[in-house]
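Below is one structure, written out as C-alpha coordinates, with a few remarks after it.
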Amino acid sequence: DRFGSRVLLQRLAHQHGIAAFVANGQYGMIEGAVDDGVVLNGYAKTGVWAPTATSTMIAFFRDAPGAMIDIGANIGLTTIPVAMAGNARCYSFEPEPQNYRHLVRNVANRCAPGTVSAFNMALYDKPGRMTLSLSPDNMGDHSLVAADAASSVGHGQRQTVEVDVARLDDVLKDLREERVAIKVDTQGAEPGVFAGGKRILTRARLLISEFWPFGIRALRGDAAPMLDFWSEHFTEGGKVRQIWASAPGRDVYFDVYLRR
275 DRFGSRVLLQ RLAHQHGIAA FVANGQYGMI EGAVDDGVVL NGYAKTGVWA PTATSTMIAF
335 FRDAPGAMID IGANIGLTTI PVAMAGNARC YSFEPEPQNY RHLVRNVANR CAPGTVSAFN
395 MALYDKPGRM TLSLSPDNMG DHSLVAADAA SSVGHGQRQT VEVDVARLDD VLKDLREERV
455 AIKVDTQGAE PGVFAGGKRI LTRARLLISE FWPFGIRALR GDAAPMLDFW SEHFTEGGKV
515 RQIWASAPGR DVYFDVYLRR
(Lines of atoms letter the chains of each structure in order from A and count residues from 1; the text may use other names and numbers.)
(Lines give C-alpha, C1' and ligand atoms only; values in the text may rest on other atoms or scores of the structure.)
Protein backbone atom coordinates (compact mmCIF):
# COMPACT_ATOMS: atom_id res chain seq x y z
CA ASP A 1 0.00 0.00 0.00
CA ARG A 2 1.00 3.68 -0.24
CA PHE A 3 1.83 3.99 3.46
CA GLY A 4 4.07 0.94 3.38
CA SER A 5 5.80 2.19 0.24
CA ARG A 6 6.43 5.60 1.80
CA VAL A 7 7.90 4.05 4.96
CA LEU A 8 10.16 1.83 2.85
CA LEU A 9 11.36 4.84 0.85
CA GLN A 10 12.04 6.74 4.07
CA ARG A 11 14.12 3.88 5.44
CA LEU A 12 16.11 3.60 2.23
CA ALA A 13 16.66 7.36 2.20
CA HIS A 14 18.03 7.32 5.76
CA GLN A 15 20.30 4.39 4.95
CA HIS A 16 21.79 6.22 1.98
CA GLY A 17 22.08 9.68 3.49
CA ILE A 18 19.23 11.23 1.48
CA ALA A 19 17.86 14.27 3.30
CA ALA A 20 15.02 15.37 1.01
CA PHE A 21 12.38 14.12 -1.38
CA VAL A 22 11.00 16.10 -4.32
CA ALA A 23 7.34 16.09 -5.41
CA ASN A 24 5.82 17.49 -8.57
CA GLY A 25 2.51 19.36 -8.69
CA GLN A 26 0.82 22.56 -9.79
CA TYR A 27 3.56 24.70 -8.24
CA GLY A 28 6.34 22.71 -9.91
CA MET A 29 9.00 20.57 -8.28
CA ILE A 30 8.99 21.12 -4.50
CA GLU A 31 11.42 19.56 -2.02
CA GLY A 32 10.74 18.64 1.58
CA ALA A 33 11.94 16.46 4.43
CA VAL A 34 12.21 12.71 3.91
CA ASP A 35 10.14 12.06 7.05
CA ASP A 36 7.28 14.39 6.15
CA GLY A 37 4.20 12.24 5.83
CA VAL A 38 1.74 15.14 5.66
CA VAL A 39 2.78 18.36 3.90
CA LEU A 40 5.05 17.11 1.11
CA ASN A 41 3.10 13.84 0.94
CA GLY A 42 -0.13 15.79 0.50
CA TYR A 43 1.39 17.86 -2.29
CA ALA A 44 2.67 14.69 -3.97
CA LYS A 45 -0.81 13.12 -3.86
CA THR A 46 -2.93 16.10 -4.92
CA GLY A 47 -0.57 18.52 -6.65
CA VAL A 48 -1.67 21.38 -4.37
CA TRP A 49 -1.58 22.38 -0.70
CA ALA A 50 -4.23 24.37 1.18
CA PRO A 51 -5.94 25.25 -2.12
CA THR A 52 -8.65 27.46 -0.56
CA ALA A 53 -6.16 29.66 1.27
CA THR A 54 -3.85 29.81 -1.74
CA SER A 55 -6.55 30.71 -4.24
CA THR A 56 -7.94 33.34 -1.85
CA MET A 57 -4.51 34.96 -1.55
CA ILE A 58 -3.90 34.91 -5.30
CA ALA A 59 -7.32 36.44 -5.97
CA PHE A 60 -6.68 39.18 -3.40
CA PHE A 61 -3.64 40.42 -5.34
CA ARG A 62 -5.12 39.99 -8.80
CA ASP A 63 -6.22 43.61 -9.18
CA ALA A 64 -3.51 45.41 -7.22
CA PRO A 65 0.01 44.72 -5.91
CA GLY A 66 0.95 44.42 -2.25
CA ALA A 67 2.61 42.32 0.43
CA MET A 68 1.75 38.79 1.52
CA ILE A 69 3.09 37.85 4.96
CA ASP A 70 3.29 34.08 5.47
CA ILE A 71 3.76 33.29 9.17
CA GLY A 72 4.48 29.60 9.48
CA ALA A 73 5.60 29.23 5.87
CA ASN A 74 6.87 25.64 6.17
CA ILE A 75 8.46 24.67 2.82
CA GLY A 76 6.72 27.42 0.86
CA LEU A 77 3.55 25.83 -0.47
CA THR A 78 1.56 29.02 0.12
CA THR A 79 4.34 31.53 -0.50
CA ILE A 80 5.44 30.04 -3.81
CA PRO A 81 2.15 30.01 -5.76
CA VAL A 82 1.32 33.52 -4.52
CA ALA A 83 4.75 34.82 -5.56
CA MET A 84 4.58 32.98 -8.89
CA ALA A 85 1.20 34.57 -9.66
CA GLY A 86 2.80 38.03 -9.56
CA ASN A 87 1.68 41.26 -7.90
CA ALA A 88 2.70 40.15 -4.37
CA ARG A 89 5.94 40.67 -2.54
CA CYS A 90 6.14 37.83 0.00
CA TYR A 91 7.63 37.86 3.49
CA SER A 92 7.88 34.30 4.78
CA PHE A 93 8.66 33.19 8.34
CA GLU A 94 9.69 29.63 9.25
CA PRO A 95 11.55 28.78 12.47
CA GLU A 96 12.39 25.08 12.01
CA PRO A 97 15.87 24.80 10.44
CA GLN A 98 15.16 21.91 8.06
CA ASN A 99 11.89 23.39 6.80
CA TYR A 100 13.64 26.72 6.36
CA ARG A 101 16.39 25.20 4.21
CA HIS A 102 13.77 23.61 1.96
CA LEU A 103 11.81 26.88 1.87
CA VAL A 104 14.87 28.83 0.69
CA ARG A 105 15.74 26.28 -2.00
CA ASN A 106 12.14 26.00 -3.20
CA VAL A 107 11.84 29.77 -3.45
CA ALA A 108 15.14 29.99 -5.35
CA ASN A 109 13.96 27.31 -7.79
CA ARG A 110 10.39 28.48 -8.34
CA CYS A 111 10.18 32.25 -7.74
CA ALA A 112 11.59 35.27 -9.54
CA PRO A 113 14.54 36.90 -7.75
CA GLY A 114 13.54 39.55 -5.25
CA THR A 115 9.91 38.44 -4.86
CA VAL A 116 10.33 36.58 -1.55
CA SER A 117 12.16 37.45 1.66
CA ALA A 118 12.56 34.45 4.00
CA PHE A 119 13.19 34.67 7.75
CA ASN A 120 14.44 31.76 9.88
CA MET A 121 12.56 32.67 13.05
CA ALA A 122 9.32 32.32 14.94
CA LEU A 123 7.13 35.30 15.66
CA TYR A 124 5.76 35.94 19.15
CA ASP A 125 5.11 38.73 21.65
CA LYS A 126 8.74 39.44 22.59
CA PRO A 127 12.20 38.82 21.10
CA GLY A 128 14.53 36.10 22.34
CA ARG A 129 14.82 32.33 22.11
CA MET A 130 12.19 29.63 22.62
CA THR A 131 11.97 25.86 22.39
CA LEU A 132 10.34 24.39 19.29
CA SER A 133 8.86 20.91 19.66
CA LEU A 134 9.38 18.81 16.52
CA SER A 135 6.87 16.37 15.10
CA PRO A 136 8.62 13.23 13.81
CA ASP A 137 6.35 12.74 10.79
CA ASN A 138 4.40 15.96 10.13
CA MET A 139 6.63 18.90 9.26
CA GLY A 140 3.64 21.21 9.65
CA ASP A 141 3.05 20.23 13.28
CA HIS A 142 6.12 21.72 14.96
CA SER A 143 5.10 24.00 17.82
CA LEU A 144 6.57 26.43 20.31
CA VAL A 145 6.63 25.21 23.91
CA ALA A 146 5.91 27.27 27.00
CA ALA A 147 8.66 26.97 29.60
CA ASP A 148 6.28 25.44 32.16
CA ALA A 149 4.21 23.33 29.76
CA ALA A 150 6.54 20.73 28.23
CA SER A 151 5.68 17.86 30.54
CA SER A 152 1.93 18.46 30.57
CA VAL A 153 1.10 18.47 26.86
CA GLY A 154 3.12 15.51 25.59
CA HIS A 155 6.04 17.44 24.14
CA GLY A 156 8.43 15.48 26.33
CA GLN A 157 8.39 12.60 23.83
CA ARG A 158 9.49 14.83 20.96
CA GLN A 159 12.84 16.16 19.95
CA THR A 160 13.26 19.91 20.37
CA VAL A 161 15.38 22.72 18.98
CA GLU A 162 15.98 26.25 20.20
CA VAL A 163 14.87 28.92 17.72
CA ASP A 164 15.05 32.69 17.42
CA VAL A 165 11.86 34.57 18.24
CA ALA A 166 10.96 38.13 17.25
CA ARG A 167 8.02 40.52 17.09
CA LEU A 168 6.40 41.02 13.68
CA ASP A 169 6.20 44.78 14.29
CA ASP A 170 9.98 44.89 14.82
CA VAL A 171 10.99 42.70 11.86
CA LEU A 172 8.78 44.45 9.30
CA LYS A 173 8.86 47.93 10.81
CA ASP A 174 9.83 49.37 7.41
CA LEU A 175 7.14 47.56 5.40
CA ARG A 176 6.18 49.89 2.56
CA GLU A 177 3.43 48.05 0.70
CA GLU A 178 -0.01 49.51 1.31
CA ARG A 179 -2.09 46.46 0.40
CA VAL A 180 -1.36 43.66 2.90
CA ALA A 181 -2.62 40.09 3.28
CA ILE A 182 -1.46 37.82 6.10
CA LYS A 183 -1.56 34.07 6.74
CA VAL A 184 -0.88 32.85 10.29
CA ASP A 185 -0.43 29.12 10.90
CA THR A 186 1.67 28.60 14.03
CA GLN A 187 0.15 25.65 15.92
CA GLY A 188 -1.22 27.58 18.87
CA ALA A 189 1.19 30.52 18.94
CA GLU A 190 -1.29 32.82 17.19
CA PRO A 191 -2.16 34.96 20.26
CA GLY A 192 1.55 35.69 20.74
CA VAL A 193 1.94 36.53 17.05
CA PHE A 194 -0.91 39.03 17.28
CA ALA A 195 0.37 40.55 20.52
CA GLY A 196 3.74 41.24 18.88
CA GLY A 197 2.38 42.40 15.54
CA LYS A 198 -0.59 44.67 16.14
CA ARG A 199 0.74 47.53 14.01
CA ILE A 200 1.36 45.35 10.95
CA LEU A 201 -1.72 43.20 11.46
CA THR A 202 -3.89 46.32 11.68
CA ARG A 203 -2.88 47.04 8.08
CA ALA A 204 -4.11 43.67 6.79
CA ARG A 205 -7.11 43.74 4.49
CA LEU A 206 -7.17 39.94 4.33
CA LEU A 207 -6.26 37.64 7.21
CA ILE A 208 -6.25 33.85 7.15
CA SER A 209 -5.46 32.48 10.59
CA GLU A 210 -5.54 29.10 12.24
CA PHE A 211 -7.50 28.98 15.48
CA TRP A 212 -6.67 25.89 17.52
CA PRO A 213 -7.85 26.05 21.14
CA PHE A 214 -5.81 23.02 22.26
CA GLY A 215 -2.57 24.48 20.91
CA ILE A 216 -3.28 27.87 22.47
CA ARG A 217 -3.92 26.28 25.87
CA ALA A 218 -0.77 24.15 25.57
CA LEU A 219 1.31 27.28 25.05
CA ARG A 220 -0.42 28.98 27.98
CA GLY A 221 -1.87 31.55 25.60
CA ASP A 222 -4.94 33.73 25.94
CA ALA A 223 -7.14 33.84 22.86
CA ALA A 224 -9.44 36.62 24.12
CA PRO A 225 -7.28 39.63 23.08
CA MET A 226 -6.79 38.08 19.63
CA LEU A 227 -10.54 37.54 19.19
CA ASP A 228 -11.17 41.13 20.30
CA PHE A 229 -8.62 42.31 17.73
CA TRP A 230 -10.40 40.38 14.99
CA SER A 231 -13.76 41.89 15.95
CA GLU A 232 -12.36 45.42 16.08
CA HIS A 233 -10.40 45.43 12.82
CA PHE A 234 -12.27 43.16 10.41
CA THR A 235 -15.77 43.61 9.09
CA GLU A 236 -16.55 40.24 7.53
CA GLY A 237 -15.35 36.69 7.70
CA GLY A 238 -16.02 33.02 8.19
CA LYS A 239 -14.38 29.80 9.22
CA VAL A 240 -13.66 26.41 7.79
CA ARG A 241 -14.02 23.58 10.31
CA GLN A 242 -11.32 20.95 10.18
CA ILE A 243 -10.49 17.89 12.27
CA TRP A 244 -7.04 16.97 13.51
CA ALA A 245 -7.64 13.37 12.43
CA SER A 246 -4.11 12.13 13.12
CA ALA A 247 -4.20 13.06 16.80
CA PRO A 248 -7.42 12.13 18.64
CA GLY A 249 -8.10 14.24 21.70
CA ARG A 250 -6.37 17.37 20.40
CA ASP A 251 -9.80 18.79 19.42
CA VAL A 252 -10.88 20.62 16.29
CA TYR A 253 -9.23 23.62 14.76
CA PHE A 254 -10.49 26.28 12.40
CA ASP A 255 -9.05 28.24 9.52
CA VAL A 256 -10.56 31.71 9.95
CA TYR A 257 -10.90 34.03 6.92
CA LEU A 258 -11.32 37.73 7.73
CA ARG A 259 -11.61 40.79 5.48
CA ARG A 260 -12.19 44.48 5.70
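Position one of the sequence shown corresponds to residue 275 (our numbering), numbered consecutively onward.
All C-beta atoms in this analysis are idealised placements derived from N, C-alpha and C, irrespective of residue type, glycine included.
Keep in mind that this is a model prediction, so the values were computed, not measured.
| query | result |
| --- | --- |
| Is G340 closer than 7 Å to R453 when the C-beta atoms are compared? | yes |
| Got a sec? Which residues, its chain only, sit under 6 Å from H384 by beta carbon, not counting five neighbours each side? | Note that residue 384 is Arg in the sequence shown, not His. Closer than 6 Å at Cβ, skipping near neighbours: G302 and I354. |
| Below 7 Å CB to CB, which residues in the same chain sit around Q372 once its five sequence neighbours on both sides are set aside? | A307 |
| Whose C-beta lies closer than 7 Å to the C-beta of P465 among residues of the same chain, with five residues either side of it excluded? | I490, G495, D496, A497, P499 and M500 |
| Going by the DSSP bridge assignment, what does K457 pair with across the sheet? | D344 and I482 |
| Could you check the C-alpha separation between T389 and D525 for me, to the nearest Å? | 37 Å |
| With respect to the alpha helix (DSSP H) encompassing N380, which residues constitute its N-terminal and C-terminal limits? | P371 to R384 |
| Cα-Cα, which of K400, V530 and P325 is closest to I482? | V530 |
| Between which residues of its own chain and G402 is the CB-CB distance below 6 Å, once the five residues before and five after are set aside? | V439 |
| Relative to the C-alpha of R534, which candidate in A294, A455, A297 and F488 has its C-alpha closest? | A455 |
| Among residues of its own chain, excluding the 5 on either side of V312, which ones have a beta-carbon nearer than 8 Å to its beta-carbon? | D411, N412, M413, G414, D415 and S520 |
| Among the candidates N394, M404 and I349, whose CA atom is the shortest distance from the CA of R379? | I349 |
| Alpha carbon to alpha carbon, how far is D502 from R473? Give it in angstroms, no decimals. | 15 Å |
| Does the distance from the C-beta atom of P369 to that of L406 stay below 7 Å? | yes |
| For M404, I'd like the list of residues in its chain whose CB is within less than 8 Å of its CB, leaving aside the five on either flank, ordered along the chain. | A396, Y398, L418, V419, E436, V437 and V439 |
| Is it the case that the Cβ atoms of A421 and L377 are separated by a distance below 7 Å? | no |
| Run through DSSP, which three-state label would E368 get? | coil |
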